[in-house]
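S.K.: Have a look at this one before I ask anything.
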Amino acid sequence: MMRTAALARALAVALALAGPGWAAPSDAPPASVEAFLHQPSDDGAAAVAAEIIALSDAGDWTRIAAVDLGAIGGLLDRLPQDLATELLLLSAYAKGFASDPDNPDDADGQDALVALADRFAGRALNPDAARVLSINLGYAYLQTGQPEKAFARLDKARVQLEAAGLGDELANLCGLASNQFAQASYLEQAATLYSVCDASPVMRGARHAGRGQFWHNYAMFLRDAGDLDAAITRHQWALNDLSDEYGFPSPPVVDAYDALSQTLLLMGELGSADTTATMAIGYSEQLDLQETDAHWRVVNNAASIKRALRLPAQALALDVQAYEWRVANLGEDHPLTYASWVNLALDLVELERWDEARREFAALFQLRQAGQPVPYGPEVIGYYLAYIDARTSYADGGQVKLPPLNPLLAAGAPMELIVGAATVGTQALLRDGLTDDAIRFSGWLRDFATENLGATQPFSFEARLLAARALAARSPVEASEALAGLDQDLFNWVRRQSLSGSYDAAVAGRKLADDLLITMARHAVEAPDFTAHFAGAIHRWKTLEDGSDQRLDEVARNAPDAALRQAARAYALDAARFRERVRAEPVSDQIAGLDAALTQQRDALNALLLAEGLPLMPAPLDPVDVTDAGGLAVTEGDVVIDMILLRDWQGPDRSGDAQRMQLYAAVFRADAPVQLHLVADLDFDRRSADQVYADLWRDFGLWVSEQAGDARRVFLAPDAMLFQMDLTAAQGAGGARLGESHDIYLLTSRSAYARAGIASDLTAGDRVVLAGGLYFDDRNEDSPDYLSGSLAEIEDIDRLVSSAGTITTRLQGAEATEPRLAETAAGAQLIHLATHGFFRDTDDQPFSLQNAGIVLSAPAADAPVAPENDGIAHASELMGWALQDAELVVLSSCESGVGRDTPIDAVRGLPLALARAGARRSLVTLEQIPDRQTAAIMERFYEHLTGDDPGYAAAFNATKRDIWAGRISGVATDTASAFVFYNH
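For the sequence shown, counting from 1, position 119 maps to 120 in the numbering used here; every step adds exactly one.
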């Protein structure tokens with residue numbers, strides 16, 4: 002066997018003959034050879050071996066090649082087998098290194114040496130050692146430029162190992178040989194060897210040492226070849242094997258996650274890529290790898306995903322860290338330091354920090370011209386400088402001058418530069434009135450991106466939107482078709498990102514769609530035929546629900562078969578819970594189990610749907626058709642208003658809030674086409690937030706009043722921060738509050754309109770669960786947190802609802818623990834909880850549904866400590882409660898309706914959790930609420946509910962009017978704004 006150091010020297014010289022170990026060549030054979038020929042002896046043979054090894058360490062392959070081992074009789078037989086083997090391998094490498102590829106005699110010399118080694122192996126080595134020598138001779142052919150001969154020898158060894166069932170040796174051969182072919186750019190041989198190894202029954206059988214590394218290398222080879230789906234499969238196999246072989250986490254596992262994230266990035270699956278990259282960084286830090294460059298490679302790769310998500314500020318923060326570490330530890334002139342420098346410059350371009358970006362690229366250009374290993378060539382870096390000048394000139398109203406794009410394409414420029422250059426060029430053409438040229442140029446970019454990346458990649462989306470905008474200036478009909486097609490593809494893409502395990506990535510993906518939505522809204526105003534499509538898009542983009550979700554809801558409400566109705570509703574709830582889980586946390590064994598259970602449940606539901614001749618439910622990630630008409634069946638006399646807040650991003654970074662927003666609304670009436678309105682234009686750049694919100698409040702009230710007209714019932718489906726406002730208090734025409742002049746119903750989504758009338762009032766026989774007067778930490782009434790008014794509150798409610806013939810369960814003191822309350826609430830129609838609530842906007846995981854909750858009875862001192870029995874029911878836990886029979890859940894607690902403002906979902910807090918748990922309605926609060934006043938308000942609500950104003954929503958509206966009119970003793974009129982009522 003060859004010494005490790007000598008083999009490493011041979012491989013290193015094979016890849017870089019001009020390296021520091023290369024010695025001045027000499028044709029003279031080693032002196033020890035002459036001595037051995039003169040007087041053969043064991044010591045003389047050892048001296049020859051020692052000198053040849055020393056020459057290999059010095060890189061003097063020419064002198065080794067001058068030695069004809071076949072002509073030195075008895076030399077190999079006088080040496081130990083491993084030393085003789087090493088000499089044969091070194092000589093094989095030397096013959097290859099020193100040969101002239103155009104001289105057949107030189108090649109024959111290497112072949113003769115290999116034949117000598119084979120003869121030696123046949124007579125002196127056991128089969129295992131002979132096979133190892135044969136494999137190493139194959140590597141000698143490979144490293145010395147003989148790929149066909151190398152492949153023949155290595156593939157022969159592969160066949161032998163497979164026939165013998167030697168899995169570990171086969172995995173090592175497949176992994177190393179395939180990778181060596183690929184690194185030497187012998188892609189045909191690499192592809193063939195990877196393929197046959199991949200298909201091997203031995204490789205596909207039980208795990209073998211080295212197999213994980215083979216899958217890892219093959220995945221990256223497939224990625225480079227463009228076969229991304231196959232690459233993802235091998236990445237997953239590699240992760241499983243590497244975790245088993247090296248432990249979890251471990252450095253090979255970190256590398257595997259990092260590689261997987263980059264393949265997902267190329268696929269356009271930015272959510273999964275971001276989640277995977279975040280996991281790779283976390284595991285690397287857990288292993289304390291921050292002082293290795295492997296960690297900073299992972300960080301740099303994660304930054305590239307942040308750039309693609311239009312989060313360049315986050316990307317810059319990561320790239321700066323990597324750059325500073327590499328400068329300090331690798332030096333300023335190291336190739337990896339230059340790579341980090343380029344990444345940093347790219348972030349500055351994306352942030353539109355033009356002066357800084359110009360300075361960095363100018364410095365990189367000079368270094369590249371001076372021969373430094375800067376990743377991009379002077380053509381690309383020079384074009385970046387021209388692009389920066391073009392962008393600044395366009396912003397100043399000047400001419401846009403850019404070199405032709407063809408040389409840029411040939412130089413392998415990044416796609417963001419190509420898209421950016423084409424975008425500013427098209428914008429300039431449109432500004433200058435050259436519409437036809439803009440259409441041609443943007444159409445070329447659209448076709449180029451689609452052909453090279455596919456139609457559903459982020460850069461392709463940008464190119465397609467640019468082309469649609471150009472078309473709108475000349476052909477509205479063609480623009481409508483282009484926007485509708487892009488809407489479908491981008492919607493399906495964002496839905497996938499929303500199920501990636503990272504809510505941050507889901508929100509970022511939704512923000513990437515804002516450009517499309519703004520364009521669609523403005524186009525719908527100019528092209529009324531597009532209004533219906535955009536009205537449908539409002540609901541889809543707010544909820545990320547598609548037509549199949551709406552059809553399922555209709556089945557759950559109206560199917561004649563009770564079993565089908567029950568199965569449809571159960572699946573809808575479980576699927577919604579599942580989506581929330583995978584939005585907020587990475588895929589785990591637990592989530593994989595939930596996915597399997599949901600698949601089984603969907604199969605059973607589809608069997609029932611098939612029997613009724615109804616459309617089947619697709620899997621959560623299946624692409625859907627979004628060509629809906631945006632219609633809504635509205636009862637005569639009702640007005641339904643579906644709102645969407647669109648963010649008009651003026652700056653490049655989308656990690657915070659946009660400074661310009663537009664509130665659009667689709668208005669639905671019976672027997673009338675849907676209408677689209679621009680309700681408000683919010684400009685936080687030019688006006689203070691207080692001024693913007695004051696104008697919004699005024700304009701909103703007047704506009705809703707105008708749309709409502711004589712209608713008594715007005716249904717509002719808000720969006721974003723509007724969920725955090727008491728919209729019923731906005732003043733309409735004449736100064737009256739909307740809730741005084743009309744019956745206002747708040748919907749968490751437009752689809753809730755169809756469910757608003759289902760089981761809308763309390764009836765005899767309904768189960769009611771009441772909880773109040775709870776003991777918290779001190780488990781007694783002397784605790785400063787004890788709410789004495791809450792006990793009186795549920796006692797009064799108990800008296801009122803019992804008179805209506807309900808079946809009431811009352812929990813107080815230490816009785817309302819988490820497990821007890823969850824069990825009691827299951828199957829109840831009305832649940833009223835009077836306790837403390839909370840919302841933390843500064844939570845480290847703001848989208849995890851761990852930042853909102855209610856406080857329940859403290860567990861007994863001897864109770865096991867567990868999250869499900871710690872006295873706090875977080876929103877994430879409430880989401881799992883069985884509330885599918887609950888017609889109303891009242892959370893009589895502070896800030897129970899407050900949640901995180903996000904571009905998707907209604908209120909990401911307790912209201913969302915209650916809806917996902919199955920509750921049809923919720924009465925919650927937006928502010929801190931006084932204990933005694935709350936009890937009085939709730940007593941009045943239940944008086945209306947059990948008296949002359951039956952119906953949950955009607956009772957709530959009557960209660961609000963009583964507060965405004967001062968008809969509840971001891972309750973201030975402004976307290977009404979704290980209470981809101983949602984239909985889910």
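Virtual Cβ for every residue (Gly too), placed ideally from N, Cα, C. Since this is a predicted model, take the numbers as computed values, not measurements.
Does the Cβ of E163 have 16 or more other Cβ atoms within 10 Å, making it buried, or fewer, making it exposed?
M.R.: Flag for E163 reads buried.
S.K.: With DSSP run on the structure shown, which of helix, strand or coil describes Y754?
M.R.: Residue state, collapsed to three classes: helix.
S.K.: Please state the DSSP three-state secondary structure of H999.
M.R.: Outside the displayed span of the chain (2 to 985) sits residue 999, for which this structure offers no information.
S.K.: Using only the alpha-carbon positions, how far apart do A823 and A883 sit?
M.R.: Their backbone Cα atoms lie some 8 angstroms apart in a straight line.
S.K.: What do you reckon, are the CB atoms on L310 and A506 nearer than 8 angstroms?
M.R.: Closer than 8 angstroms, so yes.
S.K.: DSSP state of V890, grouped into three classes?
M.R.: Residue state, collapsed to three classes: strand.
S.K.: Using 8 angstroms as the Cβ pair cut-off and three pairs as the minimum, do the region 469-479 and the region 434-446 touch?
M.R.: Output reads yes: the region 434-446 touches the region 469-479.
S.K.: Among A72, I54, A191, whose alpha-carbon lies nearest the alpha-carbon of A95?
M.R.: Comparing Cα positions, the closest option is I54.
S.K.: Nearest CA to the CA of T825: which residue from A772, Q161, G814?
M.R.: Out of A772, Q161, G814, A772 has the C-alpha closest to the C-alpha of T825.
S.K.: Examine the Cβ distances between the region 510-527 and the region 718-730 and report whether three or more of them are shorter than 8 angstroms.
M.R.: With a cut-off of 8 angstroms, the region 718-730 and the region 510-527 do not count as touching, because too few Cβ pairs lie within range.
S.K.: Can you find the residues in the same chain that come closer than 7 angstroms, C-beta to C-beta, to V625, ignoring five residues on each side of it along the sequence?
M.R.: The answer, listed in chain order, is N493, D547, G548, S549, P619.
S.K.: Can you tell which of S849, P865, S877, A862 has the C-alpha that lies nearest to the C-alpha of I855?
M.R.: For I855, the nearest C-alpha among the options comes from S877.
S.K.: Between F840 and E896, how many whole angstroms is the CB-CB distance? I'm expecting something under 8 angstroms.
M.R.: The Cβ separation is near 5 angstroms, so the contact holds.
S.K.: Need the endpoints of the alpha helix (DSSP H) that Y776 sits in, please.
M.R.: No alpha helix (DSSP H) contains Y776, which DSSP labels as neither H nor E.
S.K.: Using a threshold of 8 angstroms, state whether the C-beta atoms of G206 and G168 are closer than that.
M.R.: It is a contact, given that the beta carbons lie within the stated cut-off.
S.K.: Go ahead and label D275 buried or exposed: buried means 16 or more other beta carbons lie within 10 angstroms of its beta carbon, across all protein chains shown.
M.R.: Buried, because 16 or more other Cβ atoms sit within 10 Å of the Cβ of D275.
S.K.: Just how far apart, CA to CA, sit P376 and L466?
M.R.: Cα to Cα, the separation comes out at about 31 angstroms.
S.K.: Of all the alpha helix (DSSP H) runs that stay within the bounds of the region 387-455, which reach a length of 4 or more residues?
M.R.: The qualifying runs are 407-411, 416-432, 436-454.
S.K.: Apply the 10 Å Cβ neighbour rule to G638 and answer buried if 16 or more other Cβ atoms are within range, or exposed otherwise.
M.R.: It counts as exposed.
S.K.: Have a look at Q400 and N453 and give me their C-alpha separation to the nearest angstrom.
M.R.: Answer to the nearest angstrom: the Cα atoms are 30 angstroms apart.
S.K.: Quick check on the DSSP output: the alpha helix (DSSP H) that includes R699 runs from which residue to which?
M.R.: Looking at the DSSP string, the run of the alpha helix (DSSP H) that includes R699 is 690-709.
S.K.: Given this structure, state the Cα-to-Cα distance separating L609 from L763, to the nearest angstrom.
M.R.: Near 32 angstroms, if we compare the C-alpha coordinates of L763 and L609.
S.K.: Between which residues of its own chain and A25 is the CB-CB distance below 6 angstroms, once the five residues before and five after are set aside?
M.R.: Low per-residue confidence applies at A25: pLDDT is 40, beneath 50, and the placement is therefore not dependable, though the value from the model is reported in the following sentence. For A25, where only same-chain residues beyond five positions count, there are no Cβ hits under 6 angstroms.
S.K.: Please classify H209: does DSSP put it in a helix, a strand, or coil?
M.R.: DSSP places H209 in coil when its eight states are reduced to three.
S.K.: What are the boundary residues of the beta strand (DSSP E) that includes T926?
M.R.: Taken as a continuous stretch (DSSP letters only), the beta strand (DSSP E) holding T926 covers 922-926.
S.K.: Excluding sequence positions up to five away, which residues of its chain have a Cβ less than 8 angstroms from the Cβ of L319?
M.R.: The answer, listed in chain order, is V300, N301, A303, A304, K307.
S.K.: Between the C-alpha atoms of A864 and S589, what's the straight-line distance to the nearest angstrom?
M.R.: Answer to the nearest angstrom: the Cα atoms are 29 angstroms apart.
S.K.: Once the 5 residues before and after G22 are set aside, which same chain residues still bring their CB inside 6 angstroms of it?
M.R.: Per-residue confidence for G22 stands at a pLDDT of 32, beneath the threshold of 50, marking its modelled position as unreliable; the derived number appears in the next sentence. Result list for G22: G60, in chain order.
S.K.: Taking only the alpha-carbon atoms, compute the straight-line gap between G378 and Y395 and give it to the nearest angstrom.
M.R.: G378 and Y395: Cα-Cα distance of roughly 26 angstroms.
S.K.: Report yes if the CB atom of L271 is closer than 8 angstroms to the CB atom of P459, and no otherwise.
M.R.: Contact: yes.
S.K.: If distances are taken between C-alpha atoms only, which option among L91, R120, F669 comes closest to T145?
M.R.: Nearest C-alpha to T145: L91.
S.K.: Measure the C-alpha to C-alpha separation of I73 and L138 and round it to an integer number of angstroms.
M.R.: Those two C-alpha atoms are separated by around 20 angstroms.
S.K.: Could you tell me the alpha carbon to alpha carbon distance between A568 and D623, rounded to whole angstroms?
M.R.: Distance between the alpha carbons of A568 and D623 is about 21 angstroms.
S.K.: Using a Cβ-Cβ cut-off of 8 angstroms (strictly less than) and excluding sequence neighbours within five positions of R917, which residues of its own chain qualify?
M.R.: Closer than 8 angstroms at the Cβ level, and outside the excluded window around R917, lie L574, A577, R578, E581, M880.
S.K.: Out of I745, D682, A695, D696, which one is the CA nearest neighbour of Q708?
M.R.: Nearest C-alpha to Q708: I745.
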